[in-house]
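So the sequence shown is numbered by the UniProt record's numbering: it starts at 1 and just counts up by one. Glycine residues also receive a C-beta, built at the ideal position from the N, C-alpha and C atoms.
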Amino acid sequence: MFQYVVEKISARDVWLELEKICCHNSLDNFQAKITESTKTKKDYKYYLPLYNASLCGDWENAKAFLKKDNAASRAHITSLLQTTLHISIGSKKDGNARFFIENLVNSITDDDTLAIQDKFGETPLHYAARFGNLDAAKILVTRNLNLPHIVSNNGMYPIHVAAEYGYKNVDLVHYLFSVTKYSAPYTDRSGDMLLHRLICSDLYDFAMQLVKLYPDLAKYSSHRSSPLAQLATKTFGTSSPLKLFIYSCIAASELEYIRDKKWKHQNAIKLAECLCEELQNISEKEISSIVGGPLLQATHFDNYKLVEIIVTKFPSSIYYHHENEKNILHVAVENRSKNVFKLVSQMNQHSHHLVTSIDSSNNTMLHLAGKLSEEKELKKTFGAALNMQEELRWFEAVKQILPPSYYLTFKQQWQNCSSKEDFSYVFPKRLLCGLLMLYASVEAMMLSFGCALYFVLKDSEMVFYVVFIVVVLLPILAFQHWREMSIVVFPEDPITKNKRLKFEERQAIADWLLKESKEGKLKYGSLKQA
1 MFQYVVEKIS ARDVWLELEK ICCHNSLDNF QAKITESTKT KKDYKYYLPL YNASLCGDWE
61 NAKAFLKKDN AASRAHITSL LQTTLHISIG SKKDGNARFF IENLVNSITD DDTLAIQDKF
121 GETPLHYAAR FGNLDAAKIL VTRNLNLPHI VSNNGMYPIH VAAEYGYKNV DLVHYLFSVT
181 KYSAPYTDRS GDMLLHRLIC SDLYDFAMQL VKLYPDLAKY SSHRSSPLAQ LATKTFGTSS
241 PLKLFIYSCI AASELEYIRD KKWKHQNAIK LAECLCEELQ NISEKEISSI VGGPLLQATH
301 FDNYKLVEII VTKFPSSIYY HHENEKNILH VAVENRSKNV FKLVSQMNQH SHHLVTSIDS
361 SNNTMLHLAG KLSEEKELKK TFGAALNMQE ELRWFEAVKQ ILPPSYYLTF KQQWQNCSSK
421 EDFSYVFPKR LLCGLLMLYA SVEAMMLSFG CALYFVLKDS EMVFYVVFIV VVLLPILAFQ
481 HWREMSIVVF PEDPITKNKR LKFEERQAIA DWLLKESKEG KLKYGSLKQA
């Protein structure tokens, strides 16, 4: 660009020349982009027969197209930059698809064509891992051993994709583990990502093998959360060896789901023990950050077996609490985690300190037990009466492990808010005031309703007016006991016209009468004087 402005004399001439050059280049680039876009659309339309043949597994039509255009096997035939191999692997898995993929791979002479990436950096092996196509994965890896080590744009290897969709084909996960030789997918952030995906897909046996090979992954928590925290969200119980043996011997297809679930539970327990075993050498400061959070999270989901494993391996973790000072018992009571509550309350060496502690809002365990449980807990029982019964049983169960002094421990804002005299005078006055306002509103409503009827039926006979007056007087009849309520409220008795005594005066008279009766001095005259 310097050669265009070197002969210019003034700065103005230089800037004008630069503007001309830039505008000209921008216009050329814009026209080039339009031409390229038009050409791309034309190319995608050109490859449409090959796309349809790949999607349907029609090898004869695809073979004819590839014979006419040899470069079509490595061309991008969609807007996502997918090749024919990407499309064929992502189609349905049947005999035709396998036959199509096998012939397509055999027709490709260059092994690098098998490693062409789409818009997201995924190779055909990534697609095979996503759709659980084990046959396609074996065909691809046999031709190109480097495919398992190619990473996509978001840092995922084919083994990561297979772990994420492991429920589709567990054998494919096992196969990719055997052909992925490099350590890069198993270490640091990539290994943490892989471990989380294995746990999420309930592939606990693969996760346990990974932790044993790379122990540092047990405390690695840069991706979302630690492995223990993710395992805490799972609900798994215990299974005796006898039950597992019986399930393995039963061949009924209806019980396969139950048998698989029991095996997953057993593997989850082994994985939890393996993770805690690898974390034995961490410092006390790291326990709260790595183990404390998953402990309370497992308590929230009533994952009592994981709580038992963590507390057994790390006894000091039981005293861990949230930022709001809620410990493991507070979380168990608040979330109705009955199994964890029963487990912790039986630990006599820890229960006293946990039971008597309060959270940052001065709530004891009884306050949390008195709160209404979550909607998911209420749905476990049908009907409001059964829900109330269950809530009362839970309250009584929590009450049994608390000292008697905690029965009357209330929040500070609840203390001394009402006195006995309030129930004798203040509250009845407020009640009567509310009833009078209700009476006035009902009368106003009936009056407006009657006026509306009058304007509509003003030419009717006198019977209408009689009915109207009776209807308007009905609210007055509903408040026929207002005199009885006034006796409670007004300081002057409407019958005796004597002024009512205040609460303190009546209390003093009652104490004096009690004293006179004990001394035997109480007579009719003294009673009349009182």
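Terminal residues of the alpha helix (DSSP H) in which residue i lies
i: Lys168; result: From DSSP, Lys168 is part of no alpha helix (DSSP H); its letter is neither H nor E.
i: Val426; result: Careful: Val426 lies outside any alpha helix (DSSP H) and carries neither H nor E.
i: Leu50; result: 48 to 56
i: Val333; result: 328 to 334
i: Gly191; result: 188 to 200
i: Asn61; result: 59 to 68
i: Ala369; result: 365 to 370
Under the three-state DSSP convention, the category residue i falls into
i: Val151; result: coil
i: Met156; result: coil
i: Asp205; result: helix
i: Pro227; result: helix
i: Pro403; result: coil
i: Gly450; result: helix
i: Tyr320; result: coil
i: Tyr304; result: helix
i: Phe314; result: coil
i: Asn144; result: coil
i: Glu284; result: helix
i: His265; result: helix
i: Cys360; result: As written in the sequence, residue 360 is Ser, which differs from the Cys given in the question. Here Ser360 sits in coil by DSSP.
i: Gln346; result: coil
i: Ala75; result: coil
i: Gln389; result: helix
i: Phe410; result: At Phe410, the pLDDT of 47 sits below 50, so the modelled position is not reliable and the matter cannot be decided from this model.
i: Gln82; result: coil
i: residue 615; result: Not covered by the structure: residue 615. The range shown for the chain is 1 to 530.
i: Glu375; result: helix
i: Tyr175; result: helix
i: Thr180; result: coil
i: Leu354; result: helix
i: Ser441; result: helix
i: Glu277; result: helix
i: Thr299; result: helix
i: Ser337; result: coil
i: Asp260; result: helix
i: Lys219; result: coil
i: Tyr44; result: helix
i: Lys234; result: coil
i: Lys212; result: helix
i: Glu325; result: coil
Cβ distance (whole Å) where residue i is taken to contact residue j below 8 Å
i: Ile150; j: Thr123; result: 5 Å
i: Ser360; j: Glu325; result: 4 Å
i: Ser226; j: Pro315; result: 19 Å between Cβ atoms; not a contact.
i: Ile89; j: Ala128; result: 5 Å
i: Asn303; j: Lys234; result: 7 Å
i: Thr180; j: Tyr214; result: Not a contact, Cβ separation roughly 13 Å.
i: His300; j: Ser357; result: Their Cβ separation, rounded to whole angstroms, is 18 Å, which puts His300 and Ser357 out of contact at 8 Å.
i: Leu271; j: Ala207; result: 6 Å
i: Gly121; j: Asn96; result: Actually they are not in contact, since the Cβ atoms of Gly121 and Asn96 sit about 29 Å apart, beyond 8 Å.
i: Lys264; j: Tyr320; result: With a Cβ gap of about 28 Å, Lys264 and Tyr320 do not count as contacting.
i: Ala163; j: Leu198; result: 5 Å
Inter-stretch contact at 8 Å, needing at least 3 Cβ pairs: the region 210 to 219 / the region 274 to 284: yes
Sequence ranges, beta strand (DSSP E) only - wholly within the region 85 to 135, length at least 3: none
The region 139 to 146 / the region 162 to 171 touching (three or more Cβ pairs under 8 Å): no
Given 8 Å, three or more beta-carbon pairs between the region 68 to 82 and the region 95 to 113: yes
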